[in-house]
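Visitor:
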Amino acid sequence: MYRHRHCWIRGGALFLISAVWGGRAEAQANLGDITQPIPVVNSGGHSAPVRSLIFTAADGSTILSGGMDKVVNVWNLGDPRPRLVRTIRPRIWRGYAGSIYAMALSPAADARGQKLLAVAGIGVDSNRAEINLFRFPGLEHGTTGEVDSQLPSGPPRGHGMSVMCLSFDPTGQFLASGSNDATVRIWGLQTRTTTSVLTGHKGPVNTLAYTPSGRRLVTGGADGLLNLWDVARGAIIATARPNPARQNPADPAGDAINALVVSPKGTWVVIGRENGDLVRFDLANLANETLLPRGENGQGAVEALAVSHDGNQLVSSVLSHRLVRSSDLPSVECDVELRTMPQGAVTSRLARVSNLVNACTFSPDDKRLAFAGGDTQGITIRELADPNRPPIELAGQGSSIWDLGFGPDGRTVGFSRSRPDLPGPAPKYEDFDLRGQRVTLFDRGELSRAVSTLDGWKVQPIDPYTLDLRNAQGQGYRLKLDPNTDRRWWSYSFIPKSPTHPLPMLAVGSEVGVIFFRLQDGARTRIYAGHSGPVYSLAPSPDGVWLATGSADQTVRFWRLAGCDTLPPLGARFDTAAGGQISVAAVEPRSFAEVMDLHVGDQVQKLYIAAKETSEIGQLDKVLPNTKIEFVVLRAGKRVELITTKRDAPAISLFPALDREWVLWTPRGYYDTSAIGDRKYLGWHRNRLAPTESTDYFSFDNFEKELRKPSELDRLLQTADLGAFDPAPGEPAPLRQPEQIVAEDRLPRLEILGLARPGFEPLVVGGGGGAVPIRVHATTEDGVAGRGLISALRVLVDSGKVSELLFDPPIAAVDRELTVNVNPGIHKVSVVAVNSLAKERTNVFEVIAPEPPKPVEEAPPRLVVLAIGADRFGTGDSGLPRIPFATEDTRDVAAFLGAPGGASRFQRVDVRPILGADATTERILAAFKTLDDERDQGKLGQGDSVFVTIDSHFLTHGKDATILAADSTLRTAATASISTTVIAETLGQLADYGCTVMLMLDTLHEKRPAPPQTNRGLNEWARLLYRRNVITMVSSIHGPSQSVVSRGHGAFAVGILDSLNVQGRSRLTSEADRPLTLFDFQDRVARNVQGVTNRQQHARCYIPDAIASQTAIFDPPARSQPRRLRAASE
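Take 1 as the starting number for the sequence shown in this note's numbering and just add one per residue.
1) For glycine 513 versus isoleucine 527, is the C-beta distance shorter than 9 Å?
2) Enumerate in chain order the residues of its own chain whose CB-to-CB distance from aspartate 701 is below 6 Å, with the five nearest sequence positions on each side excluded.
3) With DSSP as the reference, label lysine 709 as helix, strand or coil.
4) Specify, as a first and last residue, the run of the beta strand (DSSP E) that leucine 897 falls within.
5) Using the C-alpha atoms, what's the distance from valine 535 back to lysine 564?
6) Checking 9 Å against the spacing of the C-beta atoms, do threonine 347 and leucine 338 come in under that value?
7) Over what stretch of residues does the beta strand (DSSP E) that includes lysine 606 continue unbroken?
8) How would you call glutamine 309, buried or exposed, if buried means at least 16 neighbouring beta carbons within 10 angstroms?
9) Looking at the secondary structure, which residues open and close the alpha helix (DSSP H) in which glycine 988 lies?
10) State the start and end residues of the unbroken beta strand (DSSP E) segment that holds threonine 996.
11) Kindly indicate which three-state DSSP category glutamine 1110 falls into: helix, strand or coil?
12) Report the start-end ranges of each beta strand (DSSP E) in the region 822-872 that is 3 residues or longer and not cut off at the edges.
13) Using the Cα positions of valine 1045 and alanine 562, report the straight-line distance between them to the nearest angstrom.
14) If you draw a straight line from the C-alpha of asparagine 484 to the C-alpha of isoleucine 38, how long is it?
15) CA-CA distance, leucine 506 and serine 493?
16) What are the boundary residues of the beta strand (DSSP E) that aspartate 482 is part of?
17) If you follow the beta strand (DSSP E) that phenylalanine 371 is part of, which residue opens it and which one closes it?
18) Do leucine 818 and phenylalanine 807 come within 9 Å of each other at the CB atom, strictly closer than that value?
19) Compute the Euclidean distance between the alpha carbons of glycine 113 and glycine 311, then round it to the nearest angstrom.
20) Just tell me which of Arg639, Ala118 and Trp559 has its CA closest to the CA of arginine 647.
21) Taking DSSP as the reference, what is the three-state secondary structure of tyrosine 1208?
22) Within a Cβ cutoff of 8 Å, which residues of the same chain sit near aspartate 421, ignoring the five residues on either side of it in sequence?
23) Give a single yes or no on whether serine 61 has its beta carbon closer than 8 Å to a heavy atom of the ligand GTP.
24) Roughly how many whole angstroms lie between the Cα atoms of isoleucine 546 and glycine 203?
25) Which class does arginine 192 belong to by DSSP, given the choice of helix, strand or coil?
26) If you compare alpha carbons, which of Thr780, Ala733, Gln740 and Gly723 is closest to leucine 750?
27) For the alpha helix (DSSP H) holding leucine 1057, just list the boundary residues, first then last.
28) Got a sec, what are the start and stop residues for the alpha helix (DSSP H) aspartate 277 sits in?
29) Which residues in the same chain have their Cβ closer than 7 Å to the Cβ of glutamate 888, if we skip the five residues on either side of it in sequence?
30) Report the rounded CA-to-CA distance for alanine 27 versus proline 667, giving the unit in angstroms.
31) Determine the closest residue to threonine 627 out of Thr645, Asp181 and Glu616, with distance taken between C-alpha atoms.
32) Under three-state DSSP, which class holds glutamine 619?
33) For proline 691, which residues from the same chain have a beta carbon less than 6 Å from its beta carbon, with the 5 sequence-adjacent residues on both sides left out?
34) Taking the DSSP output, what are the residues bridged to arginine 352?
35) To the nearest angstrom, report how far apart proline 732 and aspartate 696 are at their CA atoms.
36) Which class does glycine 45 belong to by DSSP, given the choice of helix, strand or coil?
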């Protein structure tokens, strides 16, 4: 769809080179280096609008979702807890390059059970439009998708602009694609080439579909035309034009066709227009135009349509409110309505969704309906046979940032995930402390938000692309946004003058970034580009140093305001020889010239500004941002093409997850994180050189040692100095930049072969457990001989190491057959390849072994509960505050863990409380020494469970962290206390030996030791425990724990003790008698804690990747009943 009124970028040619501030920039690679690693948010769902949904299983148990965040997610709906099981990652680039607009799945599988999944949108090279074909579900269970081929791109062999729609013919031998280049291409899949080009539209082709016979094709465009084609002849059979009686001369874009569906019986076609009209035509000749009834008066554009497979039902997504005045911000709420066909009468409104719904579909059996959208870009699955059944909600941990502002001290930013200008309850605000790095609730009244007036200057919106800027005397300027390159405005703020920018400015948030205008002359100076969605909100910091922006892409970005009142210079100096040859004499660090990869000594052969050749090289500093500047230079005898658009990139980006995890990063890859933010929510995407190779993705934590820089980030936030990461005076410059480190120190490749398991379900082995044969293939990916060789292979089952192969010297490739033995139950098997650079790649899959007919006679699993609770410390003048209810909490939680619900599930239970004055340093260390001895003697191992709960003070001093004992004082805390390293090592060793280990920490309290302790040190400890495969539950991830005086307990203890009562079970919708899983337990505790503290305290459980969240946490392995799944042979 190519709509300007309320949409994100829908297509077109975008030039995606980023940029600078005041002549300095965070350097990013030029477009020629397609393999350069790119930081990407991984929310666990989608972070931009979902444009396509496809059910892939006949029973509706698997669904694909493809979005403008450039990924295709695969969701398994067959689990008791539906979940994301894989993410397919096509090739991408920065900005919008790689955004997905369309998907299609071939109707029939080949002899190997594989279908073709076609994926398309904005091309990696923005002058082209790639269509990628993947094998689905895949033969090798590749983590980023198995590429079959890429169709030709760029004229004359392919589309020249973004691909907006795709459709396979009923035989699966042909694929139709519609593009913003106004053409439709028919692709023959035997040859992977264009068989015909259909031209008949005068603008973008937004939507298309084959008729059931496959001989005809229906297309709808932004020109309002509905065309029926004879595919074999490439000729138009019939055309339906907009009804003049329904046209609005003031809104010519209202004629655009945004969606269409064809009756499965081939009798009719329904289209949805931008003006909100739903129209039915006879399919044979596009006659008998019939306007279908609207769901409600005042509704706006039709966003999406889908028809059931029996043709009796139609689902439509329609904007809830039509734009009344062109100067208003558009509504993005959507009504999802179910209609009977062919009459089109609305039978029910299924939902009113908070943000655009661009995709909907029926399951093959028509029992389920799916639609996607809202501020979380989530997917909702409705059971049509049971309307009262709660829907399945699939979403990640991100949400649109609708409003934001700085706190009074300028070191905190508050933001809201709800639109503030809508009726209803006041939005809730969260606060992120930029230097303390924590998230808490915040009061909107404390925020310094957008500046709506400044010294008599005001803004009057005129239409989606025009703002009038007027002073107190009514004088001023009309500011125009380009509908194609700037898109519509969403927000604005005045920027008061400051020492870093002496002139006052107006910043306008649009769908491509932030555009700056000077108040003194209305001139455009800068464009800040970095968001991948509309900029919904912006605010300058009180000191005038920073601009914060919030976006539909679920991130907050921070930009330096220095130099925003001037045009950005290129940052290069040129010399002209006697013969007229121009060469590059100097390149300023972090300048646009460096970003675009100009080198000293380059000889300029040609220069283009705005696609026009010129010799005016001295005018480059006067070129407006977002103007395409192209150099053709001669370098070492080779011709090199370079591009820039002089757009500024953010200094720092923040992804604040809904679960209170977070990650901060710079464009080059320096970062800081919460306990597991860098492991879960931020990763590196790397395109491989050949388009037919699968892309690579790995989480940021793989480069923690090299790139995690909390002190430098803090210095950048305090000083706004882009040199914060430079070496100190006298220190040598780093040999490699961050992106070079990530590009060169590659993770090994790892494949698990020989497993005949269903595509997205666990491997089911024979009853009673047994041997699982696997074949492991690991190779180096390093392009330099002798680097990144394979040094080790490890196999873990539920975090316990069961096999390890060491290679000394390391070797380039390993191909080994291994046998993994599993007991009855649900298990996670992790295969880890380690290379000589100490980089690891892990491949994880689930195995389910049903129970044997009769119990195997062996020593039953053992449960050990070690409970430590210290409420008073040292002597009366110890300087350490007392902890209310610490001994009561510890005593009762220990009893609960030993016998949940009053009855123990284990035959062998050993509860070891150490309470009050008995919780001395000596006794606690002895208790951990006992656990270690029992592991060493074989008394604790595979199948056993160890639960440790600690209620005390957590103290950091320097780089060390300790848990205080009853005999600790502030003076002796460094020696008379328990090192967190000792605890982590002991519990990590138990996990290595196959124990299920859970540590529960209540160690930051309302009254804390001086100096006040923060969650930062505790987060680091949780991070270490996570890597050692210890399940870690902390009482509060932000701020201190609270007490519930009426219960005589702390809130964390109440959350645990109530996890098995009726309130705690309320979220279970089925299988109420099944064992309590780890996921259920942690979910109940977190909700209970929020409930008793009025959402002021947020408990968090960190479940390592190697441990299945569906593990029955309170049951020994022999009691764990796996869910029923088909075996791989079925």
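Here a beta-carbon is modelled for each residue, glycine too, at the ideal position from N, C-alpha and C.
Because the structure is a prediction, the values reported are computed rather than measured.
Guide: The answer reads as follows:
1) Against the sequence shown, residue 513 aligns to sequence position 513. Against the sequence shown, residue 527 aligns to sequence position 527. It is a contact, given that the beta carbons lie within the stated cut-off.
2) Within the sequence shown, numbered from 1, the residue matching residue 701 stands at position 701. Short of 6 Å from the beta carbon of aspartate 701, and not among the five residues preceding or following it, lie these beta carbons of its own chain, in chain order: Asp678 and Arg679.
3) Here residue 709 is taken as the residue at index 709 of the sequence shown, counted from 1. In the three-state DSSP reduction, lysine 709 falls in the coil class, being neither helix nor strand.
4) Taking the first residue of the sequence shown as position 1, residue 897 is located at position 897. Taken as a continuous stretch (DSSP letters only), leucine 897 belongs to no beta strand (DSSP E), being part of the alpha helix (DSSP H) at 886-898.
5) Counting from 1 along the sequence shown, the entry for residue 564 is found at position 564. Counting from 1 along the sequence shown, the entry for residue 535 is found at position 535. First, the amino acid is wrong: residue 564 is cysteine here, not lysine. Those two C-alpha atoms are separated by around 18 Å.
6) One-based indexing of the sequence shown puts residue 347 at position 347. One-based indexing of the sequence shown puts residue 338 at position 338. Against a cut-off of 9 Å, the Cβ pair of leucine 338 and threonine 347 comes out as a contact.
7) The residue labelled residue 606 in the question sits at position 606 within the sequence shown. According to the DSSP assignment, lysine 606 belongs to the beta strand (DSSP E) that extends over 603-609.
8) If you number the sequence shown from 1, residue 309 lands on position 309. Checking the sequence shown, residue 309 turns out to be histidine, not glutamine. Residue environment: histidine 309 is assigned as exposed (fewer than 16 neighbouring CB atoms within 10 Å of its CB, all protein chains considered).
9) As a working note, residue 988 is residue 988 in the sequence shown. Unbroken alpha helix (DSSP H) run through glycine 988: 980-992.
10) Taking the sequence shown and counting its residues from 1, one reaches residue 996 at position 996. First-last of the beta strand (DSSP E) with threonine 996: 996-1002.
11) The residue given as residue 1110 occupies position 1110 in the sequence shown. Glutamine 1110: coil per DSSP, three-state reduction.
12) Counting whole runs of 3 or more residues, the region 822-872 contains the beta strand (DSSP E) stretches 825-835, 840-849 and 862-869.
13) Numbered from its first residue, the sequence shown carries residue 1045 at position 1045. Numbered from its first residue, the sequence shown carries residue 562 at position 562. Roughly 52 Å between the two C-alpha positions.
14) What you label residue 484 is simply residue 484 of the sequence shown in a count that begins at 1. What you label residue 38 is simply residue 38 of the sequence shown in a count that begins at 1. Asparagine 484 and isoleucine 38: Cα-Cα distance of roughly 26 Å.
15) Counting from 1 along the sequence shown, the entry for residue 506 is found at position 506. Counting from 1 along the sequence shown, the entry for residue 493 is found at position 493. Cα to Cα, leucine 506 sits roughly 6 Å from serine 493.
16) Locating residue 482 in the sequence shown gives position 482, counting from the first residue. That residue, aspartate 482, is in no beta strand (DSSP E); it is neither H nor E in DSSP.
17) Residue 371 sits at position 371 when you count from the first residue of the sequence shown. If you look at phenylalanine 371, you'll find it in the beta strand (DSSP E) that goes 368-373.
18) Counting from one through the sequence shown, the residue named residue 807 turns up at place 807. Counting from one through the sequence shown, the residue named residue 818 turns up at place 818. It is not a contact, given that the beta carbons lie outside the stated cut-off.
19) Walking along the sequence shown from the start, residue 113 turns up at place 113. Walking along the sequence shown from the start, residue 311 turns up at place 311. Near 28 Å, if we compare the C-alpha coordinates of glycine 311 and glycine 113.
20) Numbered from 1 along the sequence shown, position 647 holds the residue referred to as residue 647. Across the set Arg639, Ala118 and Trp559, the C-alpha of Trp559 shows the shortest separation from the C-alpha of arginine 647.
21) In the structure as shown, the chain begins at 1 and stops at 1130. Residue 1208 is therefore absent and cannot be evaluated.
22) As a first step, residue 421 is located in the sequence shown; it is residue number 421 there, counting from the start. Excluding five sequence positions before and after aspartate 421, the CB atoms of its chain that fall closer than 8 Å to its own CB belong to Leu329, given in chain order.
23) As far as ligands go, the structure on display features none, and thus does not contain the ligand GTP.
24) Looking up residue 546 in the sequence shown gives position 546. Looking up residue 203 in the sequence shown gives position 203. First, the amino acid is wrong: residue 546 is tryptophan here, not isoleucine. If I take the Cα positions, the gap works out to 41 Å.
25) In the sequence shown, residue 192 corresponds to position 192, counting from 1. In the structure shown, arginine 192 sits in coil (DSSP, three-state: anything other than H, G, I, E or B).
26) To locate residue 750, count along the sequence shown from 1; it is residue 750. The residue with the shortest Cα to Cα distance from leucine 750 is Thr780.
27) Taking the first residue of the sequence shown as 1, we reach residue 1057 at position 1057. DSSP places leucine 1057 inside the alpha helix (DSSP H), whose first and last residues are 1051-1057.
28) Counting from 1 along the sequence shown, the entry for residue 277 is found at position 277. Here aspartate 277 belongs to no alpha helix (DSSP H), and DSSP marks it neither H nor E.
29) By one-based count along the sequence shown, residue 888 stands at place 888. If we look at glutamate 888 and ignore the five residues flanking it on each side, its Cβ neighbours are Gly1048 and His1049.
30) For the purposes of this step, residue 27 is taken as residue 27 along the sequence shown, with counting starting at 1. For the purposes of this step, residue 667 is taken as residue 667 along the sequence shown, with counting starting at 1. Confidence at alanine 27 is low in this model, with a pLDDT of 35, below 50, so its placement is unreliable and the value that follows should be read with caution. Here the C-alpha atom of alanine 27 lies approximately 8 Å from the C-alpha atom of proline 667.
31) By 1-based counting over the sequence shown, the position of residue 627 is 627. Among Thr645, Asp181 and Glu616, the Cα nearest to that of threonine 627 is on Thr645.
32) Along the sequence shown, read from residue 1 onward, the residue named residue 619 stands at position 619. Three-state result, glutamine 619: helix.
33) The residue labelled residue 691 in the question sits at position 691 within the sequence shown. Closer than 6 Å at Cβ, skipping near neighbours: Gln150.
34) Here residue 352 refers to the residue found at position 352 when the sequence shown is read from its first residue. Looking at the DSSP assignment, arginine 352 forms a beta bridge with Asp335.
35) Position 732 of the sequence shown, counted from the start, is the residue given in the question as residue 732. Position 696 of the sequence shown, counted from the start, is the residue given in the question as residue 696. Whole-angstrom Cα-Cα distance: 32 Å.
36) By one-based count along the sequence shown, residue 45 stands at place 45. Three-state DSSP puts glycine 45 in coil, outside helix and strand.
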